[in-house]
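Student:
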DNA sequence: GGCTTATTCGAACGTTCGTTCGAGCCGAGT
DNA sequence: ACTCGGCTCGAACGAACGTTCGAATAAGCC
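Residue numbers (this note's numbering), protein chains in the order written: chain F, 1 to 174; chain V, 1001 to 1174.
Encoded structure:
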């Protein structure tokens, strides 16, 4: 809170005039952030029918926000699940909606192409790929969101579509 | 430190008799953890020549340790890069060696199969997939390390081997 | 038994943290 | 001119933190 006070130019007590506690302030930041990501995603998905393209849009939307707000996302990733009961559940609901959208995109792809893979593990692997970026991405060295989304989309889509073909002496898995 | 004192049964001051500071204690834990992972990996890779199998071993080794020490890895993931200069560089060196091993495995696969993808992004995506597990894995619900390593191996190997075939109207990328 | 050395601990120190309080400032309304 | 409500702040409070210190205990050796 003292850091925020210094950075914003407002006194420490002044912050508490607007935000009743540090926890509520974190809650507002998290709610705003995750709501924005979900809202932008919905807008971008409208009218797109190709299943692979929809997943690529999901990845690009996610990475763009993460890289544009890298410092913030670093904190938010570390501060996941620290909110107490009341605050935590509302943020958790938004995250759950986001997760469910991704599950839906994958289920659609599975149905359309007759694929077989574990949706939950695939979705959480994808989130891992994307979220881990805050630990290594250096804007001066690494490619931009669009390029990275392309590469990750290649790996992920190639994986869920052709994945189990690479098991030696193993039939398609249930 | 007070938590450790309570959990270990030794007084707070007693801890400082054995570990000169909280930072040095964290350093010892990190060094031991990452050294163990690298050491086990090297043992398991010995004698295995198939490139895909070697990457699957890498994934299994990583996930097994992460799931067997989930609470610890949750902390270590959060405490990455908090060590000051002296301590930090030694741990960073071990991590870099681990990273380089993974890069080597992928480069071998690329060469053997004539593939084209960005190694750095692929490696860091794989780390993301695997490391993110501490945020969602529930031992009572989710599969064990072996099963998860199989699924993630399918996705990752399928992705790097067949990835760019899924780009619409796009040639293989450089 | 005495003496030395290793181990353990309660109590405290100084700092940082989240938060609160009371007093001051300032512009709008009467 | 006076007041009132919104806004801002310096200063402090109590708790938690990493760390230290001196004394108490235990263990090994003569």
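Note that CB positions come from ideal geometry on N, CA and C, so glycine has one too.
1) List in chain order: all unbroken alpha helix (DSSP H) runs of 4+ residues lying wholly within the stretch 1046 to 1096 of chain V.
2) Could you tell me how far apart the beta carbons of residue 1148 of chain V and residue 1063 of chain V are, in whole angstroms, since I believe they sit closer than 8 angstroms?
3) Can you tell me the Cα-Cα spacing of residue 11 of chain F and residue 27 of chain F, whole angstroms?
4) Please report how far the alpha carbon of residue 110 of chain F lies from the alpha carbon of residue 99 of chain F, in whole angstroms.
5) Please classify residue 1018 of chain V as buried or exposed, where buried requires at least 16 other C-beta atoms within 10 Å of its C-beta.
6) How would you list, in chain order, the residues of chain V whose beta-carbon sits under 7 angstroms from the beta-carbon of residue 38 of chain F?
7) Buried or exposed: which applies to residue 1004 of chain V, given that a residue is buried once 16 or more other Cβ atoms fall within 10 Å of its Cβ?
8) Would residue 1110 of chain V count as contacting chain F if we go by Cβ distances under 8 angstroms?
9) On the DSSP letters alone, give me the boundaries of the alpha helix (DSSP H) that residue 1138 of chain V sits inside.
10) What do you get for residue 1067 of chain V, buried or exposed, if any count of 16 or more other CB atoms within 10 angstroms of its CB means buried?
11) Should residue 156 of chain F be flagged as near chain V, meaning a C-beta pair shorter than 8 angstroms?
12) Looking at chain F, is there any beta carbon in it that lies within less than 8 angstroms of the beta carbon of residue 1033 of chain V?
13) Once DSSP output is grouped into helix, strand and coil, what is the label at residue 114 of chain F?
14) Where do the N-terminal and C-terminal ends of the alpha helix (DSSP H) with residue 9 of chain F fall, by residue?
15) Is it buried or exposed for residue 133 of chain F, if we count other Cβ within 10 angstroms and need 16 for buried?
16) Under the three-state reduction of DSSP, which class applies to residue 21 of chain F: helix, strand or coil?
17) At a Cβ cut of 9 angstroms, what residues of the stretch 120 to 143 of chain F count as close to chain V, listed as they run along the chain?
18) Starting from residue 152 of chain F, follow the alpha helix (DSSP H) in both directions and report where the run begins and ends.
19) To which residues of the same chain is residue 1022 of chain V closer than 7 angstroms at the C-beta, ignoring the five residues directly before and after it?
Tutor: By the coordinates alone:
1) The DSSP assignment places 1051 to 1068 and 1070 to 1078 as complete runs of the alpha helix (DSSP H) inside the stretch 1046 to 1096 of chain V, in order along the chain (cut-off: 4 residues).
2) Confirmed, Cβ separation roughly 6 angstroms.
3) Spanning the two alpha carbons is a distance of roughly 21 angstroms.
4) When rounded, the distance between both Cα atoms is 17 angstroms.
5) Classification of residue 1018 of chain V: exposed, given that the 10 Å Cβ count is below 16.
6) Ordered by position in chain V, no residue passes the 7 angstroms Cβ test against residue 38 of chain F, which lies about 19 angstroms from the chain.
7) A residue is called buried once 16 or more other Cβ atoms fall within 10 Å of its Cβ, and residue 1004 of chain V, having fewer, is exposed.
8) So, not an interface residue.
9) Per DSSP, residue 1138 of chain V belongs to no alpha helix (DSSP H) and is neither H nor E.
10) When all chains shown are included, residue 1067 of chain V counts as buried.
11) Interface annotation, residue 156 of chain F: in contact with chain V, CB-CB separation under 8 angstroms.
12) Residue 1033 of chain V does not count as touching chain F.
13) When DSSP states are grouped into helix, strand and coil, residue 114 of chain F belongs to the coil group.
14) Membership of residue 9 of chain F in any alpha helix (DSSP H) is not indicated, and neither H nor E is assigned to it by DSSP.
15) With 16 or more Cβ atoms within 10 Å of its Cβ, residue 133 of chain F is classed as buried.
16) In the displayed model, residue 21 of chain F falls within coil according to three-state DSSP, outside both helix and strand.
17) Contact residues of the stretch 120 to 143 of chain F toward chain V are 120, 121, 122, 124, 125, 126, 127, 128, 129, 130, 131, 132, 133, 135, 136, 137, 142 and 143 (C-beta to C-beta distance below 9 angstroms).
18) Boundaries of the alpha helix (DSSP H) around residue 152 of chain F: 145 to 162.
19) Short of 7 angstroms from the beta carbon of residue 1022 of chain V, and not among the five residues preceding or following it, lie these beta carbons of its own chain, in chain order: 1001.
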